[in-house]
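Protein chains in written order, with the working numbering: chain U, 1 to 322; chain S, 1001 to 1504. For every residue, glycine included, the Cβ atom is placed at its ideal position computed from N, Cα and C. Have a look at the structure below before the remarks.
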Amino acid sequence: MSRSLRPLVATAIIFAIAYALAVMQFPSMFSTRVLGNFLTDNAFLGITAVGMTFVILSGGIDLSVGAVIGFTGVLIAVLISWAGWHPLTAFAMALAIAALFGGAMGMAIHYLQVPAFIVTLAGMFLARGGASVITQDSVPVNHEFYKWISEMMIRLPGGGRLSFIGLLMVAVFIIGALVAHRTKFGSYVYALGGNPTSASLMGVPVARTTIGVYMLSSMLAALSGIVFSLYTSAGYPLAAVGVELDAISAVVIGGTLLTGGYGFVLGTFIGVMLLGLVQTYIIFDGSLSSWWTKIVIGALLFLFIVLQRLIFAASTPGEKSS
Amino acid sequence: MAEAGYALEARGITKVFGLHVALDNVDFGLRPGEVHALLGENGAGKSTLIKILTGAYQPTLGQVVAEGVPVTLENPQQAQKYGIGTVYQEVNLLPNRSVAENLFLGHQPTRFGLVHRRKMEQDSRVILKRYGLDIDPASELGAHSVAVQQIVAIARAVELSGKVLILDEPTASLDRNEVERLFEIIRDLKSQGLAIVFITHFLDQVFAVADRVTILRNGKLIETRALDDMTRTDVVRLMLGKDVAFSGATAVEDARPLGDVLVEFKNYGRKRSVHPFNISIHKGEVVGVAGLLGSGRTEMARIMFGADAADEGSVTVAGKPASIARPTDAIAHGFGFCPEDRKAEGIFGDLSVRENIVIALQGKLGWFSALNRDEQMEIAGKFGEAMDIRAASLDMPIKLLSGGNQQKAILSRWLATDPDFLILDEPTRGIDVGAHAEIVRTINRLRDEGLALVVISSELDEVVAYSSRIVVMRDREMVAELNGENINPGVIVQAIANHREPAA
């Protein structure tokens, strides 16, 4: 088996075991209702995590996504509720702003050679600050369009519902996987994460790819902000604080190497589902503090980082005897 | 140089970095269907010229002309469009991706806008066949040997460019058979009308494969000539700009009395890395380590220095039992180690030459006695001068220096710690004749000063020249220890080959 597949398989197995154990304890967790809610409840995290997967595959990091989600939520709430825009126009506006924002971060990272960590940290403060400047309060959205969207769903046998946002997340994952694994852009992203010097010597358009990656991440974060707004029907400047870290965790738990170059978009999906499973379990149990989620995520993250180390250290190609 | 029929031409190229003139009005013409060797010492400007021809750098003055048309090459991708492909010294491919993707990256066949992976792998198989490689195109490139990676790199460059192929020291990490295979590929490509630039430090290889030669020295063009009417001595004289006696080996002075035993390894080994070996090293002697690539030479060096911990055997230093599980232990005992992979394990590329030189000494002194800048400058200056490190300033990042000068800086780093025992792994690989001579001179000087040295080298003539004993490695095992009159390349080759077919 290719060594980059191993962490993915490990994640899948852990998810299967964890889910089986949870179902043994709470048989009702094995239902279309729970599975449908899985998708709906984690839609915004999943969509951001797809963008984060690209960023991490390219060898970077994007700390600004949580703030971009918050900013987008506030922006569209204000545009719809106060300025009277149609939601679709507001969405387009939010996506366009995010594209510019991500592009600017990508440019700073590429042309100024500043580490992505610093640039996106600055981006995080800018976006969060920007959201709070627009308003300090939670702005509710009451629009026909929101109602229409939230009623749009596929009913499953057994009382489950596939909501629009849940399906949107699945679609983003499928498109993300196609882009990562089957397009030239995707191969450039892996190339950057593998070795930027080689990539540039092999003719990879490094500037365009770097800017594209951060643009993609910011736009997906904005899309995730839209989803969050549809989910909560409000915009709040302090929404989605720390989501960037959840997204990074999901990506790493999903088997993507934190230093870039190895990983799969599908792995991130399983990573997100695993995080969702932990949360759902804690809700089902009822007696556990929700902070246990964090502890479990921490333990899983640690486990996967150690696992990756072991896999990649054990099979590092070196000088070979002929 | 305004002659027609050049596939690629450089006219009056000048390149200035800060105050340093790397290239000074250099002309270079490359004809289709020729192998053109580009020679020069470290820092002569070969790499700079190559980078300009491939679009990695832009010339300060002058012009690049492709097939008679002046072109501006802004990046390597653009150079590819004009048919110029390059294979670099260190394989610059992506070990994390499949062989097929490495061949086609940026030019993948697509269907409905998506990469057509099956077609890409089929095409790769056809291409690899042409180069005599029968490997799975879907396998990860990093899983293959350096030689295979190098051939994949050449295949990629030829497939994408198809007019000009620039080979920047492609043979530096290949063994003899692999080099021969590479030469066959080069001759084959030449007969197909490709213009090939070949850069190497091995003169034998130049004479074996090249038609013409261009020699650079200190950024200036010295000569471009057909190789037919040149001798080896001519070439070396032009490169160095002075007459040198070209002798492979100096006689070994066997009469030298040996000093006390400084380090002794007993049954020292590590599972899956190197079989237990016994070796004692005296003060004032050089123990050479010979063997093919992958024979366990580097592993032996790493164990000696504690970079990998030994899991059996014992070591005594100056008669006392010692434990060397980490490099810090080794340094505390006065050991120093210049690793083989200079770029990855030796230098701190972004730090200055000065910092690179003082870092081991600082490490030895510990946290609380930081060397201030003046002390650092003095130490770096002293060794920079003693080792003849050619840098515009000791404060420039070491990555801007040529390979030979980097190696001298790493050697200085350890000399600054005043070591008793130095382990040098391929100290002369990939560096030019001048720096080579300087390193060999230093090895001799250190031995005379009473240091104990272990030197690993693939160049048998060189090992023979300075070693008083030679250890031969094969298949991760120490198979022979040669003394006195046994020390000549023939015997070593036999010891390496032994019951196998003797190497040619």
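Going along chain U, which residues have a C-beta under 9 Å from Tyr1082 (chain S)?
-> Position 82 of the second sequence holds residue 1082 (chain S). Going along chain U, no residue has its Cβ under 9 Å from Tyr1082 (chain S), so there is no contact; the nearest lies around 12 Å.
Glu1477 (chain S) - containing beta strand (DSSP E), residue span | Here residue 1477 (chain S) corresponds to residue number 477 of the second sequence, with the count starting at 1. Residues Glu1477 to Asn1483.
Using three-state DSSP, classify Ser138 (chain U) as helix, strand or coil.
-> Here residue 138 (chain U) is taken as the residue at index 138 of the first sequence, counted from 1. Three-state result, Ser138 (chain U): coil.
Tell me where the beta strand (DSSP E) around Val1317 (chain S) begins and ends.
-> In the second sequence, counting from the first residue as 1, residue 1317 (chain S) sits at position 317. Residues Glu1312 to Val1317.
Along the chain, where does the alpha helix (DSSP H) that runs through Ala1155 (chain S) open and close?
-> Mapped onto the second sequence, residue 1155 (chain S) falls at position 155. Start and end: Val1146 to Leu1160.
Answer yes or no: does any C-beta atom of chain U fall closer than 8 Å to that of Val1115 (chain S)?
-> Position 115 of the second sequence, counted from the first residue, corresponds to residue 1115 (chain S). By this cut-off, Val1115 (chain S) is an interface position.
Supposed close pair Ile1127 (chain S), Leu1167 (chain S) - CB separation, criterion 8 Å = For this step, residue 1127 (chain S) is matched to residue 127 along the second sequence. For this step, residue 1167 (chain S) is matched to residue 167 along the second sequence. About 18 Å separates the two Cβ atoms, so there is no contact after all.
Please decide whether Thr183 (chain U) counts as near chain S, where near means a Cβ-Cβ distance under 8 Å.
-> Within the first sequence, numbered from 1, the residue matching residue 183 (chain U) stands at position 183. Output row for Thr183 (chain U): interface = yes.
Collapsed DSSP secondary structure at Asn1278 (chain S) in the structure displayed = The count along the second sequence starts at 1 and reaches residue 1278 (chain S) at position 278. The answer is strand: DSSP assigns Asn1278 (chain S) an E or B state.
Does Asn310 (chain U) get closer than 8 Å to chain S when you measure Cβ to Cβ?
-> The count along the first sequence starts at 1 and reaches residue 310 (chain U) at position 310. Note that residue 310 (chain U) corresponds to Leu in the displayed sequence, not to Asn. No, no contact with chain S.
Buried or exposed (CB count within 10 angstroms, at least 16 for buried), Asn195 (chain U) | Against the first sequence, residue 195 (chain U) aligns to sequence position 195. Classification of Asn195 (chain U): buried, given that the 10 Å Cβ count is 16 or more.
In chain order, what residues of the same chain lie with their CB nearer than 6 Å to the CB of Glu1253 (chain S), ignoring the 5 residues before and after it?
-> As a working mapping, residue 1253 (chain S) is identified with position 253 in the second sequence. Confidence at Glu1253 (chain S) is low in this model, with a pLDDT of 48, below 50, so its placement is unreliable and no value can be given for it.
Tyr1268 (chain S) (DSSP reduced to helix, strand or coil) | Indexing the second sequence from 1 puts residue 1268 (chain S) at position 268. Of the three classes helix, strand and coil, the one that applies to Tyr1268 (chain S) here is strand, per DSSP.
Secondary structure of Ala234 (chain U), DSSP reduced to three states | Along the first sequence, read from residue 1 onward, the residue named residue 234 (chain U) stands at position 234. Looking at Ala234 (chain U) - three-state DSSP - the assignment turns out to be strand.
When you check each C-beta in the segment 260-275 of chain U against every C-beta of chain S, which residues fall closer than 7 Å?
-> Gly261 and Tyr262
Within 8 Å (strictly less), CB to CB, does Gly1403 (chain S) reach chain U?
-> Here the question's residue 1403 (chain S) lines up with position 403 in the second sequence. Closer than 8 Å: no.
Nearest to Gly159 (chain U) (by Cα), restricted to the options U:Ile305, U:Leu35, U:Ile14 and U:Ile13 | Sequence index remark: in the first sequence, residue 159 (chain U) carries index 159 (1-based). For the residues U:Ile305, U:Leu35, U:Ile14 and U:Ile13, the minimum Cα distance to Gly159 (chain U) belongs to U:Leu35.
Quick one: what does DSSP say Gln1063 (chain S) is sitting in, helix, strand or coil?
-> Residue numbering aside, residue 1063 (chain S) sits at position 63 when the second sequence is read from its first letter. Looking at Gln1063 (chain S) - three-state DSSP - the assignment turns out to be strand.
Close beta carbons around Phe264 (chain U), own chain, < 6 Å, minus the five adjacent residues each side | As a working mapping, residue 264 (chain U) is identified with position 264 in the first sequence. So the list reads Leu8, once near-sequence residues are dropped.
Using a C-beta to C-beta distance shorter than 8 Å, which residues of chain A count as neighbours of Tyr231 (chain U)?
-> Any reference to chain A falls outside this structure, whose protein chains are U and S.
In three-state DSSP terms, what is Gly1384 (chain S)?
-> What you label residue 1384 (chain S) is simply residue 384 of the second sequence in a count that begins at 1. Gly1384 (chain S): helix per DSSP, three-state reduction.
Relative to the alpha-carbon of Asp1234 (chain S), which residue among S:Leu1039, S:Ile1431 and S:Asn1483 has its alpha-carbon at the smallest distance?
-> Here the question's residue 1234 (chain S) lines up with position 234 in the second sequence. Measuring from the Cα of Asp1234 (chain S), the nearest candidate turns out to be S:Leu1039.
Do the CB positions of Val1440 (chain S) and Glu1462 (chain S) come within less than 8 Å of each other?
-> The count along the second sequence starts at 1 and reaches residue 1440 (chain S) at position 440. The count along the second sequence starts at 1 and reaches residue 1462 (chain S) at position 462. Yes, they are a contact pair.
Bridge partners - Ala1452 (chain S), DSSP secondary structure assignment = Sequence index remark: in the second sequence, residue 1452 (chain S) carries index 452 (1-based). Ala1452 (chain S) is bridged to S:Glu1285 and S:Phe1421.
Using three-state DSSP, classify Met107 (chain U) as helix, strand or coil.
-> What you label residue 107 (chain U) is simply residue 107 of the first sequence in a count that begins at 1. The answer is helix: DSSP assigns Met107 (chain U) an H, G or I state.
Quick one: does Tyr190 (chain U) have its CB under 8 Å from some CB of chain S?
-> Start at 1 with the first residue of the first sequence, and residue 190 (chain U) comes out as number 190. It does; some Cβ of chain S falls within 8 Å.
Using alpha carbons as the reference points, say which of S:Val1069, S:Leu1482, S:Thr1110 and S:Thr1086 lies closest to Arg1156 (chain S).
-> Against the second sequence, residue 1156 (chain S) aligns to sequence position 156. Considering only alpha carbons, the answer is S:Thr1086.
Have a look at U:Tyr190, U:Val133, U:Ile69 and U:Gly203 and flag the residue whose alpha-carbon is nearest the alpha-carbon of Tyr231 (chain U).
-> Locating residue 231 (chain U) in the first sequence gives position 231, counting from the first residue. The residue with the shortest Cα to Cα distance from Tyr231 (chain U) is U:Ile69.
With 9 Å as the C-beta to C-beta threshold (strictly closer), list the residues of the segment 1464-1482 of chain S near chain U in chain order.
-> Asp1475 and Arg1476
Phe117 (chain U) to Leu126 (chain U), Cα distance in whole Å?
-> Taking the first residue of the first sequence as 1, we reach residue 117 (chain U) at position 117. Taking the first residue of the first sequence as 1, we reach residue 126 (chain U) at position 126. Going by the C-alpha atoms only, they are around 14 Å apart.
What residues in the segment 196-218 of chain U bring their beta carbon closer than 8 Å to a beta carbon of chain S?
-> Thr197, Ser198, Ala199, Ser200, Leu201, Met202, Gly203, Val204 and Pro205
By how many angstroms is the C-alpha of Glu1009 (chain S) removed from the C-alpha of Arg1187 (chain S)?
-> Taking the first residue of the second sequence as 1, we reach residue 1187 (chain S) at position 187. Taking the first residue of the second sequence as 1, we reach residue 1009 (chain S) at position 9. So the two alpha carbons sit approximately 22 Å from each other.
Length of the line joining the Cα atoms of Gln1077 (chain S) and Ala1066 (chain S) = Sequence index remark: in the second sequence, residue 1077 (chain S) carries index 77 (1-based). Sequence index remark: in the second sequence, residue 1066 (chain S) carries index 66 (1-based). The straight-line gap from Cα to Cα measures roughly 15 Å.
Along the chain, which unbroken stretches of the alpha helix (DSSP H) at least 4 residues long are found entirely within the segment 1177-1249 of chain S?
-> 1203-1209 and 1232-1240
Going by C-alpha distance, which of U:Leu178, U:Val278 and U:Gly203 is nearest Lys294 (chain U)?
-> Counted from its first residue, the first sequence places residue 294 (chain U) at position 294. Checked all of U:Leu178, U:Val278 and U:Gly203; the closest Cα to Lys294 (chain U) is U:Val278.
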